[in-house]
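Take a look at the structure set out below.
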Amino acid sequence: MSQITYTTDRSNSRKHTYITIQKDGSVLVKTDLWTSSKQIETFIRQKEAWIIRKQNAILCAREQTQNHFYLFGELHEREHRTQEDIDRLYREKAKEIIPPLVERYSKEMNLYPNHISFRKNRSRWGSCSSKNNLSFNTMLIQTPPAFIEYVVVHELAHIRYKNHSQAFWSLVHDILPDYKQREKQIKERYFL
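Below is the structure:
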């Protein structure tokens, strides 16, 4: 039996089982009417490390939003800054830091986006559209520069490969041989 406490939301319109971590850190399992409790327990056990990581990130975020904020991987005192001030700072820094990285790695990879945009996003660090437009999450500025570089390279690689195939990861590895370490560090410490 899993150590993780959760609630279940069943619906006959669902076809799959999903785990959601709520803003308070609680775990909600959304599933169909036919999935057994035993199957849910097995699913929870399989996802236990991910659940704990997300719950820890939420606790970390509470501390950040109350007293501190991250900038390039370093914790800073919030002092008199409002959340709007911090969001503005993230946006300004993203526009300052990311375009030169895109330019640098575009030349190295010979892959050029049509357009670059920035927005605050709760679900992903970056994206590449079918028209090769790159969008970067302004919250990236919370993370260390090495991770920002990784996201830039990752999204540029999507210009050539619109998937996460072996060829995609090979291209990322050619540019950043340590990309797995960069990604792992962020999963342990930061979140969306």
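Quick note on numbering: the sequence shown equals residues 293 to 484 in my numbering.
Idealized CB from N, CA, C, for every residue including glycine.
I'd like to know whether the C-beta atoms of residue i and residue j end up nearer to each other than 7 Å.
{"i": "C420", "j": "E395", "result": "no"}
{"i": "I313", "j": "V321", "result": "no"}
{"i": "L463", "j": "A449", "result": "yes"}
{"i": "N304", "j": "L325", "result": "yes"}
{"i": "I296", "j": "I336", "result": "yes"}
{"i": "T327", "j": "T309", "result": "yes"}
{"i": "Y397", "j": "V443", "result": "no"}
{"i": "K393", "j": "I408", "result": "Position check: residue 393 holds Leu in this sequence, whereas Lys was assumed. Cβ atoms of L393 and I408: not closer than 7 Å."}
{"i": "Q473", "j": "Y362", "result": "no"}
Could you check the C-alpha separation between residue i and residue j for me, to the nearest Å?
{"i": "E371", "j": "D470", "result": "36 Å"}
{"i": "G317", "j": "R373", "result": "26 Å"}
{"i": "N402", "j": "N424", "result": "13 Å"}
{"i": "F460", "j": "I344", "result": "29 Å"}
{"i": "T299", "j": "V319", "result": "6 Å"}
{"i": "C352", "j": "K346", "result": "10 Å"}
{"i": "R301", "j": "F410", "result": "The displayed chain sequence assigns Asp, not Arg, to residue 301. Their backbone Cα atoms lie some 35 Å apart in a straight line."}
So the beta strand (DSSP E) residue i belongs to, where does it begin and stop?
{"i": "T299", "result": "Y298 to R302"}
{"i": "S427", "result": "N425 to N429"}
Looking at the unbroken alpha helix (DSSP H) that takes in residue i, where does it start and where does it end?
{"i": "S305", "result": "Neither: S305 is in no alpha helix (DSSP H) and is coded neither H nor E."}
{"i": "D466", "result": "Q458 to I467"}
Quiz item: Would you call the stretch 420 to 437 and the stretch 371 to 385 in contact, with 3 or more CB pairs under 8 Å?
Solution: yes
Quiz item: Are the stretch 365 to 382 and the stretch 339 to 354 touching, with three or more C-beta to C-beta distances below 8 Å?
Solution: no
Quiz item: Which ranges does the beta strand (DSSP E) cover as unbroken runs of at least 3 residues, wholly within the stretch 309 to 384, from first to last along the chain?
Solution: 310 to 313, 319 to 323, 360 to 363 and 366 to 369
Quiz item: Is there contact between the stretch 472 to 480 and the stretch 452 to 460, where contact requires at least three CB pairs shorter than 8 Å?
Solution: no
Self-check item: beta strand (DSSP E) segments (min. 3 residues) lying fully within the stretch 390 to 422
Solution: 407 to 411 and 418 to 420
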